[in-house]
Amino acid sequence: MEHPNAQLLRRAWAAYDHGDEAGFAACLTDDWREYGPDGTDFATLADERPTMELHRSAFPDKHTEIHQIVADDEIVACHCTVAATHTGKYLDADATGKRVVVHEMMFNRVRDGRLAVTWAMTAGPGFYEQITGRAAPETVDNLG
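When we follow this note's numbering, the leftmost residue of the sequence shown carries the number 65, and every step to the right adds one.
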């Protein structure tokens, strides 16, 4: 049987992929924070809401494939691949039909059955750079 925190992570990122803000929020503590690989404060749930909407409209088939999960009572970590097809406007980029892929590792602290802190690291260019060939604006999340 899969550890409950592994199940929690799967529910959270399935909701995120589908733009289900309520479902994603239900998996997070009220004070959830996401940090980048250097430890800088990156996002809150309020910050993620517009990103979820933008991804839902520009990449409606976005899917996170979780390759490996390691979970215990306090931490759940995963290695995953996020893939999507650019079929709608993304920032200043009109739909290109390009398939984008980002490799990611996430480490999450769990408190009271919810994700409390996420540290995310991505490898390679983000969505924006893959579709435009330009660096993403600073306001774009770690998937870029």
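Glycine is no exception: its CB is placed at the ideal position from the N, C-alpha and C atoms. Remember, it's a predicted structure, so these values are computed and weren't measured experimentally.
Supposed contact pair residue j and residue i - C-beta distance, whole angstroms, cut 8 Å
i	j	result
V166	V146	5 Å
C11	L73	Residue 11 is absent from the model: the chain starts at 65 and stops at 208.
Residue i, DSSP secondary structure in three states
i	result
R178	strand
E168	strand
E193	helix
A199	coil
M65	coil
D84	coil
E98	strand
Inter-residue spacing [alpha-carbon to alpha-carbon] between residue i and residue j
i	j	result
V164	A200	14 Å
D125	I195	16 Å
T115	D205	7 Å
I139	F171	7 Å
A110	W96	10 Å
D102	L92	22 Å
D176	G197	42 Å
Own chain partners of residue i with C-beta closer than 6 Å, once the 5 adjacent residues on each side are dropped
i	result
S121	G152
Close Cβ partners of residue i (< 7 Å) along its chain, the five nearest in sequence each way excluded
i	result
H150	A122, F123, A159, T160, G161, K162, V164 and I195
A70	I133, A135 and V140
Minimum C-alpha distance to residue i - residue among the options
i	options	result
V117	G197, L72, F171 and A86	Reading the sequence as shown, one finds Glu at residue 117 and not Val. Nearest option by C-alpha distance: A86.
G190	L179, T203, T182 and R178	T203
E112	G188, R74, V134 and E98	E98
T108	T186, V181 and G197	V181
G188	M169, R178, D95 and F88	M169
L155	H119, H143, W183 and T128	H119
T104	G197, R198, M185 and Y192	M185
A148	E66, P68, Y192 and D94	Y192
H127	N69, H67, P68 and Y80	Y80
A157	E66, G208 and F88	G208
W183	D137, G100, E129 and H131	G100
C144	E66, H67 and W77	W77
Beta-carbon contacts of residue i that lie in its chain and below 8 Å, excluding the five residues immediately before and after
i	result
D137	N69 and V174
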